[in-house]
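First the structure, in the form of structure tokens, and then the observations on it.
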Amino acid sequence: MFIGLDLGTSGVKALLMDEHQVILGSATSGLSVARPHSGWSEQNPLDWINATRNTIAELAQNHDLGSVSGIGLSGQMHGATLLDKSDQVLRPCMLWNDTRAHQEAAELDGVPSFRTQTGNIVFPGFTAPKALWVRNHEPDLFKKTAKVLLPKDYLRLWLTGEHVSDMSDAAGTSWFNTGARDWSDELLSATDLSRQHMPDLVEGSEVSGYLRADLAQELGLPTGIPVAGGGGDNAASAVGAGVVSPGQAFLSLGTSGVLFAANDGYAPDADTALHTFCHALPDRWHQMGVILSAADAINWYANLVNNDPSVLTAELGPSQAPGRAMFLPYLGGERTPHNDAKVRGALIGLEHATDRAAGTRAVLEGVAFALADSLIAMKATGTELKDIIAIGGGARSQAWVQIIANVFDMPVHIPQDGDFGAAFGAARLGMLAAGDAKEDDATPPKISHTIEPEVSLVAAFAESHERYKATYRALRDLS
């Protein structure tokens, strides 16, 4: 058996899979996010360890873990976990959606070698500008920093005692030469750090270390089982969804929204604000458009109207053309395609006829329009997609996926019941690291059904998308 551990923003998930890639069970332990100031988003790394302990313990209640042969890791990207020389955490981890370092990001992005070597804009949520923020605002802590680890790699340190990262996650730090798949000494030096502050590197399907004996005994796992390099959450999700070859793509409707396309070569275009990162498998890369609020947006609206998101989406009824109400989902800034940390969301076009359902539609449409901006950016680089697989919690909403199919003017495939997300991809990477699988075994899931675009509504959604883009241009300096 194989365990996939996914360290998400809202919780840690442990998934148990057998050698036939059949999911035997899973467990989740929740996490909270601290937001002490506007634009800040933090977690205590020790909470990740406690949550992981809880999930593995829950698996052990229902399964004998004595035949587990490998562990794979996945996690939220970009977080800055600062450790001292004794591997003690120096401060709360600044998460992927923390935008306080927007000035530092702009400073680094103004140095041409950052885009040239990383293939990406230096976004405020990336790791390097956060380290620079600590240097500027918490200099005593910065001087004590001996290692900077990404969130899942802190879990790896606990599991194995090793400081290691994988290529896909490291590519989101702004310290990484993405084409060469290695740290950049020049970029590290620009933030007063060096290679010694970084973890070692392995491919996602390679062994990064072995489970510590004392921890194995505590968790009821075999001693010395390999822990795979793993991947950033979206690269691991791609492995889980079988999106590993050119032309394959998935759309993830989680806390954030992601449009992910696999590539067999490195072809960056930073000006589009797309992310071009290494894949979790060797000699493969991917493009990714990211919006910061997807399910987060409908959760925000549900809290506003004091209801449950599933109730709100279920009451919508048949599809219809977009109404006058329009929502910009920039609740904490935006990445693709705007790279705008300061912009905030808006709900406009309200009138007497605007009711709760109209607001729900506007929120779902706004997220779909934001994701379509990433599709347009990908097309500008020459990436052609004919269809996509939808995963994540939001993909359970038929109404939302239908809106996306109409906005994208593209078929959207819904996998059969099962978990094909990051934890499943991590388990697959654990299986590869253990030598019990080949890369070709990362196959797409069986499809339950396909949602086609509604031809009669495509033009109306395209027209509304143009209004959406004009609304951003009109409001970006007012929010």
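The number in this note's numbering is simply the position in the sequence shown, starting from 1, with 712 added.
Even glycine gets a Cβ: it sits at the ideal position worked out from N, Cα and C.
As the structure is a computational prediction, the values presented were derived from the model and not from experiment.
State the start and end residues of the unbroken alpha helix (DSSP H) segment that holds Q999.
As a first step, residue 999 is located in the sequence shown; it is residue number 287 there, counting from the start. Where Q999 is concerned, there is no enclosing alpha helix (DSSP H), although the beta strand (DSSP E) it sits in stretches over W997 to I1003.
In chain order, each alpha helix (DSSP H) run of at least 4 residues that lies wholly inside the stretch 843-898:
Whole alpha helix (DSSP H) segments, 4+ residues: 851-856, 863-872 and 879-882.
Within the continuous beta strand (DSSP E) that includes P938, where are the two ends?
In the sequence shown, residue 938 corresponds to position 226, counting from 1. Counting along the chain, the beta strand (DSSP E) containing P938 begins and ends at P938 to A940.
Can you look up G1078 in the DSSP assignment and give me helix, strand or coil?
Counting from 1 along the sequence shown, the entry for residue 1078 is found at position 366. In the structure shown, G1078 sits in a helix (DSSP, three-state: H, G or I).
Please name the residue in M729, A992 and S744 whose C-alpha comes closest to that of S738.
For the purposes of this step, residue 738 is identified with residue 26 of the sequence shown, where counting begins at 1. The residue from M729, A992 and S744 with its alpha-carbon nearest to that of S738 is M729.
If you compare alpha carbons, which of A1172, G778, A1145 and E1151 is closest to G932?
On the sequence shown, residue 932 is found 220 positions in, with the first residue counted as 1. Checking every option, the nearest Cα to that of G932 belongs to G778.
Proximity winner among W752, M1143 and V1170, relative to D1195 (alpha-carbon distances):
There is no way to answer for residue 1195, as the model of the chain reaches only from 713 to 1191.
Every unbroken beta strand (DSSP E) inside the stretch 777-802 [3 residues or more]
You should have 782-787 and 793-795.
Counting pairs of beta carbons, one from the stretch 1172-1190 and one from the stretch 1053-1061, are three or more of them closer than 8 Å?
Yes: at least three Cβ pairs fall under 8 Å.
Do A1007 and A1037 come within 8 Å of each other at the CB atom, strictly closer than that value?
The residue you call residue 1037 lines up with position 325 of the sequence shown. The residue you call residue 1007 lines up with position 295 of the sequence shown. No, these two residues do not count as a Cβ contact at 8 Å.
State the Cα-Cα distance for the pair R893 and L844, rounded to the nearest angstrom.
Taking the sequence shown and counting its residues from 1, one reaches residue 893 at position 181. Taking the sequence shown and counting its residues from 1, one reaches residue 844 at position 132. Rounded to the nearest angstrom, the two C-alpha atoms are 23 Å apart.
Using alpha carbons as the reference points, say which of V1167, K1158, D981 and V1002 lies closest to S964.
By 1-based counting over the sequence shown, the position of residue 964 is 252. For S964, the nearest C-alpha among the options comes from V1002.
Sub-8 Å separation of L736 and S786 beta-carbons:
For the purposes of this step, residue 736 is taken as residue 24 along the sequence shown, with counting starting at 1. For the purposes of this step, residue 786 is taken as residue 74 along the sequence shown, with counting starting at 1. Contact flag unset, no.
Just to confirm the assignment, what range does the alpha helix (DSSP H) spanning H1177 have?
Here residue 1177 corresponds to residue number 465 of the sequence shown, with the count starting at 1. Note, H1177: alpha helix (DSSP H), V1167 to L1187.
Ordered list of alpha helix (DSSP H) runs contained in the stretch 909-970, each at least 4 residues
Secondary structure within the stretch 909-970: the alpha helix (DSSP H) runs of 4 or more consecutive residues, fully enclosed, are 925-931 and 945-953 (chain order).
Bridge partners for T988 per DSSP, in chain order?
The residue labelled residue 988 in the question sits at position 276 within the sequence shown. Partner(s): Q999.
Taking just the CA atoms, how far does P1041 sit from N1183?
Residue 1183 sits at position 471 when you count from the first residue of the sequence shown. Residue 1041 sits at position 329 when you count from the first residue of the sequence shown. Reading off the sequence shown, one finds Thr at residue 1183, where the question assumed Asn. Distance between the alpha carbons of T1183 and P1041: 12 Å.
Assuming F1039 and G1078 are in contact, meaning their beta carbons sit under 8 Å apart, how far apart are those beta carbons, in whole angstroms?
By one-based count along the sequence shown, residue 1039 stands at place 327. By one-based count along the sequence shown, residue 1078 stands at place 366. 3 Å between Cβ atoms; contact.
Is DSSP giving G1142 helix, strand or coil here?
Against the sequence shown, residue 1142 aligns to sequence position 430. Here G1142 sits in helix by DSSP.
Please name the residue or residues paired with Q773 in a DSSP beta bridge.
Stepping through the sequence shown from its first residue, residue 773 is reached at position 61. Beta-bridge pairing links Q773 to no other residue.
Spell out the partners DSSP gives M806 in its beta bridges.
By one-based count along the sequence shown, residue 806 stands at place 94. Beta-bridge pairing links M806 to E754 and A792.
Which one of D945, A925 and F972 has the shortest CA to CA distance from G936?
Along the sequence shown, read from residue 1 onward, the residue named residue 936 stands at position 224. Minimum Cα distance to G936 is reached at A925.
Find the nearest neighbour of S1031 within the set H875, N1118, D1067 and L905, judged by alpha-carbon distance.
Locating residue 1031 in the sequence shown gives position 319, where the first residue counts as 1. Nearest option by C-alpha distance: N1118.
Beta-bridge pairing of A1102 - partner residues as DSSP gives them
Your numbering for residue 1102 matches position 390 in the sequence shown. In the DSSP output, where bridge partners are listed per residue, A1102 has L963.
Using the Cβ count rule (16 or more neighbours within 10 Å means buried), how would you classify P836?
To locate residue 836, count along the sequence shown from 1; it is residue 124. Classification for P836: buried.
Can at least three beta-carbon pairs, one atom from the stretch 953-967 and one from the stretch 978-985, be found at a separation below 8 Å?
Not touching, per the Cβ criterion.
Inter-residue Cα distance where the pair is R1068 and L1043
For the purposes of this step, residue 1068 is identified with residue 356 of the sequence shown, where counting begins at 1. For the purposes of this step, residue 1043 is identified with residue 331 of the sequence shown, where counting begins at 1. One C-alpha to the other measures close to 19 Å.
What separation, rounded to the nearest whole angstrom, lies between the Cα atoms of L802 and E850?
As a first step, residue 802 is located in the sequence shown; it is residue number 90 there, counting from the start. As a first step, residue 850 is located in the sequence shown; it is residue number 138 there, counting from the start. Within the model, the alpha-carbon separation for L802 versus E850 is close to 11 Å.
Indicate whether the contact test is met: 3 or more Cβ pairs, each with one atom in the stretch 790-807 and one in the stretch 857-877, closer than 8 Å.
Contact between the stretch 790-807 and the stretch 857-877 is present, because at least three Cβ pairs lie under 8 Å.
For L1028, which residues from the same chain have a beta carbon less than 7 Å from its beta carbon, with the 5 sequence-adjacent residues on both sides left out?
Walking along the sequence shown from the start, residue 1028 turns up at place 316. Excluding sequence neighbours, L1028 sits near A1069, T1072, R1073 and A1111.
Throw me the rounded Cβ distance for the F962 and I1126 pair, which I believe falls under 8 Å.
Sequence index remark: in the sequence shown, residue 962 carries index 250 (1-based). Sequence index remark: in the sequence shown, residue 1126 carries index 414 (1-based). For F962 against I1126, the beta-carbon gap comes to about 11 Å, at or over 8 Å, which does not count as contact.
For Q829 versus L899, is the C-beta spacing smaller than 8 Å?
Counting from one through the sequence shown, the residue named residue 829 turns up at place 117. Counting from one through the sequence shown, the residue named residue 899 turns up at place 187. Result yes, Cβ atoms of Q829 and L899 sit closer than 8 Å.
So, does the stretch 942-950 touch the stretch 786-795, judging by three or more C-beta pairs under 8 Å?
Flag = yes, the stretch 942-950 and the stretch 786-795 touch.
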